[in-house]
DNA sequence: CAGTATCCTACCCGATACTG
DNA sequence: CAGTATCGGGTAGGATACTG
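Here you go:
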């Protein structure tokens, strides 16, 4: 008798009360959808992501990329054995299942701006 | 020369660096999509929302409903002049433009659970 | 180039009690 | 019934300096 309701959903060790909250738990936060949006059509290097998102700090970008990688949505590939490093980020096959959702998120943002 | 980049989007007084982040700013957070998900097909009273979301606190539910109302996504209608009150929440026409997005969010949550 | 390490702040959100 | 008031903790995220 620890849980209030038995209908919890689980994903990667976390519990969610609803399918919608699960999705938001994975792609929520201030920057994750922005990262996914930029990786939707392109594989990008770390520095390219920084240029695409000039208002995020290095620390935050790094942490969010790590989160997304741990959730299996993006892949991180290192191309150089020693510094200067070349690292590329790309959507995984699982991450690509989010593309329609990311597109809908982006489209609604544009729509809302056009209304206001 | 106050902004770093001139390409900021604005919605209801807030600035966003990208259309995707705007959407997440409006429907992000832990509970907003869950509320919208439950209001997607039904008009619901406050107490009905509470029953549908047993793990949210009254304070948080109240604050999130107010946020959604201020952003024009839901309407709040009071049916009684004095306590006990009857209040119903429903999506506005603008809020209904989010339905395909909410459905995609919910569908991906179900999909992710089925993968795990 | 691609990140960590440290430090710090804001605010989101929970718990509980009270009110029109 | 449908909320607010008050208090407080946890953590997401920012600023800056440093490293392989």
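Residue numbers (my numbering), protein chains in the order written: chain A, 525 to 640; chain B, 525 to 640. Just so you know, even glycine gets a beta-carbon here, dropped at the ideal spot from N, CA and C. Keep in mind that this is a model prediction, so the values were computed, not measured.
The beta carbons of residue 546 (chain B) and residue 622 (chain B) sit about 13 angstroms from each other, so the pair does not count as a contact at 8 angstroms. Looking at A:538, A:629, A:605, A:616, the one whose alpha-carbon comes closest to that of residue 558 (chain A) is A:629. For residue 602 (chain A), the uninterrupted beta strand (DSSP E) segment begins and ends at 598–602. Three or more Cβ pairs closer than 8 angstroms define a contact, and the segment 564–572 of chain A falls short of that threshold against the segment 529–541 of chain A. Only exposed fits residue 537 (chain B), as fewer than 16 other CB atoms lie within 10 angstroms of its CB. In the structure shown, residue 574 (chain A) adopts helical secondary structure according to DSSP, grouped into three states. Following the DSSP letters along the chain, one finds residue 538 (chain A) inside the beta strand (DSSP E) bounded by residues 538–540. Pairing residue 618 (chain B) with residue 633 (chain B) gives a Cβ-Cβ distance that is not under 8 angstroms. Interface with chain A (8 angstroms Cβ-Cβ cutoff): residue 614 (chain B) is excluded. Taking residue 563 (chain B) as the centre and dropping the five residues before and after it, the same chain places the C-beta of 598, 613, 614, 615 closer than 7 angstroms to its C-beta, in chain order. Annotated three-state conformation of residue 630 (chain B) is helix, per DSSP. For residue 622 (chain B), there is no enclosing beta strand (DSSP E), as DSSP marks it with neither H nor E. Neighbours of residue 626 (chain B) in chain A, taken as residues whose beta carbon is under 9 angstroms from its own, are 544 in chain order.
The C-beta separation of residue 548 (chain A) from residue 541 (chain B) comes to about 20 angstroms, leaving the pair out of contact by the 8 angstroms criterion. Under the DSSP assignment, residue 560 (chain B) falls in the alpha helix (DSSP H) whose first and last residues are 556–563. By the beta-carbon neighbour count (other beta carbons within 10 angstroms, threshold 16), residue 592 (chain B) is buried. Of A:544, A:580, A:601, the smallest CA-CA separation from residue 567 (chain A) is found for A:601.
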